[in-house]
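Residue numbers (this note's numbering): 45 to 168. First the structure, in the form of structure tokens, and then the observations on it.
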Amino acid sequence: MLLASPQLRGAAAVLSISLLGAPAVADMPNIDLNGNVDAGKEVALTRAKGNCIACHLIPGGDSPGAIGPALVAIQTRYSSKADLAQQIWDPTVKNPDVVMPPFGKHGVLNNQEFVDVVEYIWSL
């Protein structure tokens with residue numbers, strides 16, 4: 045048995061207890077989610093920045109991708125703008141195997157760009 049030794053059992057117990065208080069993800073900062081729709085659209089459609097269009101169909105966007113779901117009827121799919129923001133900040137919270145990168149957690153977008161993209165996508 046792997047944990048047969050008292051030292052290994054003790055080490056496993058200490059590790060388990062120490063992980064209880066550790067955050068599992070980089071928490072989304074407490075920021076005002078009221079952004080600018082037009083600025084968010086620009087970030088979402090710009091291939092050098094947000095590039096949401098590379099994976100998602102976005103109304104009015106050119107050459108959409110088909111990896112992620114179409115970004116339409118968003119307010120019927122998310123119960124609040126905060127839920128949508130969390131998904132964009134770090135989608136691995138709900139699905140560790142997701143292909144979408146954590147745009148906020150990894151700093152792909154700065155806070156203003158992030159808030160603007162959330163506002164734009166929430167408006168779709």
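Ideal placement from N, C-alpha and C gives every residue a C-beta, glycine not left out.
CA nearest to the CA of residue i, picked from the options
i, options, result
"residue 167", "82, 145, 74", "82"
"residue 163", "136, 146, 135, 126", "126"
Unbroken alpha helix (DSSP H) run spanning residue i, endpoints
i, result
"residue 120", "118-121"
Cβ contact (3+ pairs, closer than 8 Å) linking the region 137-155 and the region 89-100 = At 8 Å Cβ cutoff, the stretches touch.
Segments of 4+ residues assigned as alpha helix (DSSP H) that fall wholly inside the region 84-166 | You should have 118-121, 125-133.
Are there three or more Cβ pairs, one per stretch, closer than 8 Å when the region 128-139 is compared with the region 99-109?
-> no
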